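Working notes, beginning with the structure itself.
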Amino acid sequence: MAVLLSRSHGLKRACRSGAAALGSLPTMPAARSITALIMGAPGSGKGTISSKILKDFPFTHVSTGDLLREETRAGTKLGLQAKSYMERGTLVPDTLMVDLVSEVLARLRTSAKAPNLLLDGFPRTLAQALVLDEKIAVDMVLSLDVPRATIVERLTDRWVHPGSGRVYAYSYRPPQKHGVDDATGEELVRREDDSPEVVEARLAKYEATAAPLLAHYAQHGIVHTFSGTRSDEIYVDVHKYLAGALPAAA
Numbered sequence: 007m008a009v010l011l012s013r014s015h016g017l018k019r020a021c022r023s024g025a026a027a028l029g030s031l032p033t034m035p036a037a038r039s040i041t042a043l044i045m046g047a048p049g050s051g052k053g054t055i056s057s058k059i060l061k062d063f064p065f066t067h068v069s070t071g072d073l074l075r076e077e078t079r080a081g082t083k084l085g086l087q088a089k090s091y092m093e094r095g096t097l098v099p100d101t102l103m104v105d106l107v108s109e110v111l112a113r114l115r116t117s118a119k120a121p122n123l124l125l126d127g128f129p130r131t132l133a134q135a136l137v138l139d140e141k142i143a144v145d146m147v148l149s150l151d152v153p154r155a156t157i158v159e160r161l162t163d164r165w166v167h168p169g170s171g172r173v174y175a176y177s178y179r180p181p182q183k184h185g186v187d188d189a190t191g192e193e194l195v196r197r198e199d200d201s202p203e204v205v206e207a208r209l210a211k212y213e214a215t216a217a218p219l220l221a222h223y224a225q226h227g228i229v230h231t232f233s234g235t236r237s238d239e240i241y242v243d244v245h246k247y248l249a250g251a252l253p254a255a256a
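For the sequence shown, my numbering gives the first residue as 7, with consecutive numbering after it.
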């Protein structure tokens with residue numbers, strides 16, 4: 007059921023990296039569904055910006071973590087194959103992940119209210135991207151560039167409500183009452199992987215895998231980099247770009 011999408015209408019040739027090219031980007035035909043990939047290091051605000059995109063534009067969010075859970079729960083053929091690897095504690099092979107993702111994306115194209123797709127969490131590596139290229143064309147990559155020092159400060163200052171996943175930080179998004187969740191009044195906790203040493207290791211791992219992935223997509227002229235230290239400020243540029251690329255959806 008995989009759908010092969012074309013990078014037509016000159017998108018590859020006309021797209022430039024960065025917010026500086028916002029005013030000169032071409033208009034993408036509203037009738038053609040697109041696939042966007044959002045990338046950003048842990049703590050870059052990727053979740054916050056993704057939520058804003060989904061609110062303002064006709065995208066369906068595709069998180070590979072959620073996708074794997076849903077497909078294994080539904081007992082689909084590919085989902086059960088993936089489950090066999092997960093139960094053994096081994097990584098799901100790239101080819102199987104791409105088959106699973108492309109099949110689900112094909113279904114979403116025809117059934118979702120918003121046929122444009124926002125990929126989150128896949129592909130993670132160059133190897134995955136190369137396999138995915140054979141099945142589905144990524145039309146744009148939204149790359150969030152946040153200074154490393156800002157990310158470290160965010161993550162080491164992060165408090166989480168376990169039940170909902172809501173995240174707080176006393177330096178920029180504090181709870182209304184110290185130590186408790188705004189909605190439930192339940193206690194906030196620190197994640198074990200938010201220690202400075204673990205954060206630095208996570209960032210190094212992300213950078214090692216993201217660099218070749220971004221270089222691959224940059225060769226196709228579809229990487230758009232949005233820089234800043236605050237998610238609300240970065241999203242202003244993201245919104246401007248998407249409003250120009252998707253005029254009917256803005």
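Positions of the beta carbon are idealized from the N, C-alpha and C atoms, including for glycine. Only a predicted model underlies this, so the values are computations on that prediction, with no experimental measurement involved.
Membership of Arg154 in the alpha helix (DSSP H) is indicated by the continuous run 154 to 162. Ranked by how close their Cα comes to the Cα of Leu248, the residues Thr41, Phe63, Ser56, Arg75 have Phe63 in first place. Here the alpha carbons of Thr41 and Ala143 stand approximately 7 Å from one another. Using a C-beta cut-off of 8 Å, the region 163 to 173 makes no contact with the region 120 to 139, since fewer than three inter-stretch Cβ pairs fall below that distance. By a beta-carbon distance limit of 8 Å, Val110 does not contact Lys141. Their separation comes to about 11 Å. Residue environment for Tyr178: exposed (fewer than 16 other C-beta atoms within 10 angstroms of its C-beta). The straight-line gap separating the alpha-carbon atoms of Ser201 and Val186 is approximately 20 Å. In this structure, Leu150 sits near Ile240, with a CB-CB distance shorter than 8 Å. Secondary structure within the region 162 to 241: the alpha helix (DSSP H) runs of 4 or more consecutive residues, fully enclosed, are 202 to 224 (chain order). Put simply, the region 169 to 176 does not touch the region 205 to 213. Fewer than three CB pairs are less than 8 Å apart. Residue burial annotation: Ser56 is buried, with at least 16 other C-beta atoms found within 10 angstroms of its C-beta. For Asp62, the enclosing alpha helix (DSSP H) begins and ends at 52 to 62. Excluding residues up to 5 positions away in sequence, Thr78 lie with their Cβ nearer than 8 Å to the Cβ of Leu86 in the same chain.
Annotation: the continuous beta strand (DSSP E) that includes Ser149 extends over 146 to 151.
In the three-state scheme derived from DSSP, where H, G and I count as helix and E and B as strand, Val68 is classed as strand.
Distance from Gly169 to Glu192 at the Cβ level is roughly 6 Å; contact confirmed, criterion being Cβ atoms closer than 8 Å.
Annotated three-state conformation of Leu73 is helix, per DSSP. With 16 or more other CB atoms across the displayed protein chains lying within 10 angstroms of its CB, Asp145 is buried. The beta carbon of Ser39 sits closer than 7 Å to those of Arg115, Pro121, Asn122, all from its chain and outside the five residues before and after it, given in chain order.
Spanning the alpha carbons of His184 and Arg236 requires a straight line of approximately 22 Å.
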